[in-house]
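Sequential numbering of the sequence shown, starting at -2, is according to the numbering used here.
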Amino acid sequence: MLKQFLIRRYQATQSVVEKFKFKDLNSTTSIKNLIDNIDSESLEKKKYTINGWIDKKAKKVKKDLYQTSIRDGNGNLLTMIGSKDQLHGLNLEDCLQITGYLKLRKSTSAAKDDPNDYEVALQDVKILNKVESRIPSSLINLNSIEDIPADFSFLKLRKPKYTHIIQSRSKLKNLVRNYLENDLQFVEVETPLLFKSTPEGAKEFLVQYDDNVENKSNLYYALPQSPQQFKQMLMGSGVSKYYQFAKCFRNETLRKDRQPEFTQLDMEIAFGTGNEVMQIAGNIVTKAWNSYASDVEDAQKLYTLDNQGRPKLVEKEEDILRMDYTESMKKYGSDKPDLRIPLKIINMKEFGGKGGLNNPVFDSFEIIQLPQLIKTSKELNELKKFLLDDLHYNDGSRKPVVYGILSERDLELWHEAFASVGIFESPKLIAKSLNLKVGDVIIGCDRESDSFIFENPTPLGKARTLLYESNISFLNEYLNKNHPKLDKDIVSWMVNFPLMNPVVDETTKKINGYPNYKPKCIESCHHPFTMCQLDHLPLLLKSLESDDLNYRQSLFIKSQHYDLVLNGNEIGGGSTRIHDYKLQSQIFDKFLKIDAKNQEELFGHLLQVFQSGCPPHSGFAIGWDRFLSVLFKTPSIKEVIAFPKSNTGVDELFKSPSLIEKN
């Protein structure tokens, strides 16, 4: 008994020891490096050692000859052939170190520069760690990280697709760093993650402060939503060109382009204008995009639209189209329009149609017209079911009216379908002007007046995008034929934003479906540190100095804010900041209702900088995860993050957040 016990202990000890006895990295090679540097003299003569994982189950190809493939840490695959003893017992994802001779395969391309042209004749197989539990089948044919059970989600990073994403992410970070530091003399500064709670927009994550006494204090840190105040402080501290890849935290409703923690490429320049910042940010995006496109097969260069709406190659920032906020809201119903979509919204004012029936503020009426789209009531019902599905409107946005003309009577009575949202001077004349016919579909709704569009997206802005997201075959065929989406990636600037927004009353968020704005109550459109356009400064000062806030007048003030929009995604935003103490204090007080005492408590540090010779400054931030998700063509930003949270903000791999026992 004792002898058998000792033998088992020795065997167990040796099996562990063997896992730690392997050739070091100096004695091994990656698959890419091997293929790139192989020569005819080394083929079948020189031994090579490769580390990696079993990518597929071994299969028998001849008597006592088996074939499988190894995948290295770069995601590259190489076929290996060996005996039954060497390969037969291996499982998917077993960790190996193999040694053997490189051979040309019989089915070889002329170039001989692809791993598929070669195979390794095994001399030695060392198992460094076996898979003890069954690998999920979803990992074998991996299409999305949503397919992987949470406990195995880390294994996605071994697969070529995600290995490539993580490596490309790192490479592009280095490209940006080199451009900012070597070409533009920026300095990378790390800012704190334990900050204080300040009113900047989203709900914050709070961390309780432990004052090392028995009773916990009522003091809390807040994790920063962005380094906004830190970087403005740096401008006043003499750091004239700052950047960092910053971790940011926002406790808000999640969706495919949001995570509770995310990375932002943050930057700020002193003595610089918004135009200069836009040039830097635009060049970063262009350089990163074109660098990736040159490395990846079938990847496209970056485009914008010219003044006639035609695709134009972006070679530098100056090429990027600049769009006015109000014009974008009128044409596309959104401040981040997907310019690949050719559909435009028709304002019915020129045809004798208007809104204002239910809400005087919503006095415009607009439509999207789709001539000859439907043939049957079944098609119309399918279209309505999709466009009006409640799932598309769980953010509280309004639904449009969808009307299909299936008969001459439908054509005659088309206006009645919109009687709840539109007023028409002469329905017959409008029908003639629009050339309405049987088979047409009209999507229509009212919206706010041209100079006061804050509902974003508008009902038709949302419908315009939804039309291109359906799985309805007849609709997709129609759009591909009549309104094909551009097969290019389109970037644009959005400028001339309002400085202030009306505030939606959360207690009565909607009245008859319309946003209910609090009377004489406004808030910053982006954040309270944004400067207005200089030709609007007299209007701003007039509003600030009057005893009674002119609510409507204040909403016409334009800001020096700018967003960068790519394929309908806002990938970054920035502005020229306020650096005048008195102006900043007045905006806090008059517009945002933060009195002197609370200003000192919340923003005293920043106001002190403004009184201490702070230079003018402007800045920008790129949502790095969101940008890479668009660049890499992934369905969500989770695909470009090594350890993402779920759609509910939970980390299912690490079981976080977790309950912490008292004391």
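All C-beta atoms, glycine included, are put in the ideal place defined by N, C-alpha and C.
Closest residue to residue i among the options (Cα-Cα distance)
i: residue 560; options: 571, 550, 553; result: 571
i: residue 369; options: 241, 479, 205, 508; result: 479
i: residue 25; options: 40, 42, 46; result: 46
i: residue 627; options: 653, 569, 646; result: 569
i: residue 289; options: 366, 345, 170; result: 170
i: residue 150; options: 651, 655, 461, 458; result: 651
i: residue 375; options: 354, 305, 298, 472; result: 472
i: residue 304; options: 298, 327, 320, 297; result: 320
i: residue 233; options: 177, 22, 654, 615; result: 615
i: residue 455; options: 189, 330, 299, 244; result: 330
i: residue 307; options: 482, 175, 510; result: 482
i: residue 567; options: 447, 410, 408, 625; result: 625
i: residue 29; options: 54, 58, 114, 57; result: 114
i: residue 165; options: 247, 225, 287; result: 287
i: residue 96; options: 27, 225, 53, 132; result: 27
i: residue 443; options: 364, 462, 519, 339; result: 364
i: residue 396; options: 607, 591, 509; result: 509
i: residue 51; options: 186, 40, 70; result: 70
i: residue 146; options: 658, 649, 655; result: 649
i: residue 296; options: 485, 5, 325, 148; result: 485
i: residue 190; options: 254, 243, 578; result: 243
Residue j beta carbon less than 9 Å from that of residue i
i: residue 362; j: residue 441; result: yes
i: residue 494; j: residue 335; result: no
i: residue 76; j: residue 94; result: no
i: residue 522; j: residue 491; result: no
i: residue 337; j: residue 564; result: yes
i: residue 37; j: residue 62; result: no
i: residue 400; j: residue 414; result: yes
i: residue 118; j: residue 103; result: no
i: residue 128; j: residue 73; result: no
i: residue 574; j: residue 512; result: no
i: residue 418; j: residue 354; result: yes
i: residue 366; j: residue 439; result: yes
i: residue 405; j: residue 435; result: yes
i: residue 609; j: residue 596; result: no
i: residue 550; j: residue 530; result: no
i: residue 220; j: residue 249; result: no
i: residue 83; j: residue 58; result: no
i: residue 686; j: residue 154; result: Limits of the chain in this structure are -2 at one end and 660 at the other, which puts residue 686 out of reach.
i: residue 447; j: residue 327; result: yes
i: residue 403; j: residue 428; result: no
i: residue 487; j: residue 302; result: yes
i: residue 526; j: residue 604; result: no
i: residue 41; j: residue 98; result: yes
According to DSSP, residues forming a beta bridge with residue i
i: residue 121; result: 96
i: residue 344; result: 363
i: residue 734; result: No information on residue 734 is available, as it lies outside the stretch -2 to 660 that the chain covers here.
i: residue 292; result: DSSP lists no partner for residue 292.
i: residue 64; result: 56, 78
i: residue 420; result: 351
i: residue 45; result: 97
i: residue 299; result: 486
i: residue 398; result: 441
i: residue 319; result: 490
i: residue 648; result: 653
i: residue 184; result: 239
i: residue 202; result: Paired residue(s): none; residue 202 is not in a bridge.
i: residue 638; result: In the DSSP output, where bridge partners are listed per residue, residue 638 has none listed.
i: residue 51; result: 67
i: residue 310; result: 300
i: residue 153; result: Residue 153 is not bridged to any residue.
i: residue 669; result: The requested residue 669 does not occur in the structure, where the chain is confined to residues -2 to 660.
i: residue 526; result: Partner(s): none; residue 526 has no beta bridge.
i: residue 115; result: 101
Taking contact to mean 3 or more Cβ pairs, one atom from each stretch, closer than 8 Å, check whether the region 306 to 315 and the region 373 to 392 are in contact. no
Go through the region 433 to 521 residue by residue and report every complete run of the beta strand (DSSP E) that reaches 3 residues or more, in order. 438 to 444, 486 to 492, 497 to 501, 514 to 521
Below 8 Å, can you find three or more Cβ-Cβ pairs linking the region 258 to 274 to the region 230 to 241? Three or more Cβ pairs drawn from the region 258 to 274 and the region 230 to 241 lie within less than 8 Å of each other, which places the two stretches in contact.
On the three-pair Cβ rule with 8 Å, is the region 617 to 627 touching the region 268 to 283? Remark: three or more beta-carbon pairs, one from each stretch, lie closer than 8 Å, so the region 617 to 627 and the region 268 to 283 are flagged as touching.
Give, in chain order, every unbroken run of the alpha helix (DSSP H) that is at least 4 residues long and sits entirely within the region 205 to 242. 225 to 234
Using 8 Å as the cut-off, can you tell me whether the region 143 to 158 makes contact with the region 179 to 199, which would need three or more C-beta pairs spanning the two stretches below that distance? no
Across the region 581 to 588 and the region 525 to 544, are there enough close Cβ pairs to call them in contact, namely three or more that are closer than 8 Å? yes
Answer yes if the region 337 to 352 comes into contact with the region 424 to 432, meaning at least three C-beta pairs across the two stretches below 8 Å, and no otherwise. Under the Cβ criterion (8 Å, minimum of three pairs), the region 424 to 432 counts as touching the region 337 to 352.
Within the region 551 to 616, ranges of the alpha helix (DSSP H) (whole runs, at least 4 residues): 578 to 583, 593 to 607
Assess contact between the region 265 to 277 and the region 626 to 645, defined as three or more Cβ pairs (one per stretch) separated by less than 8 Å. Is contact present? no
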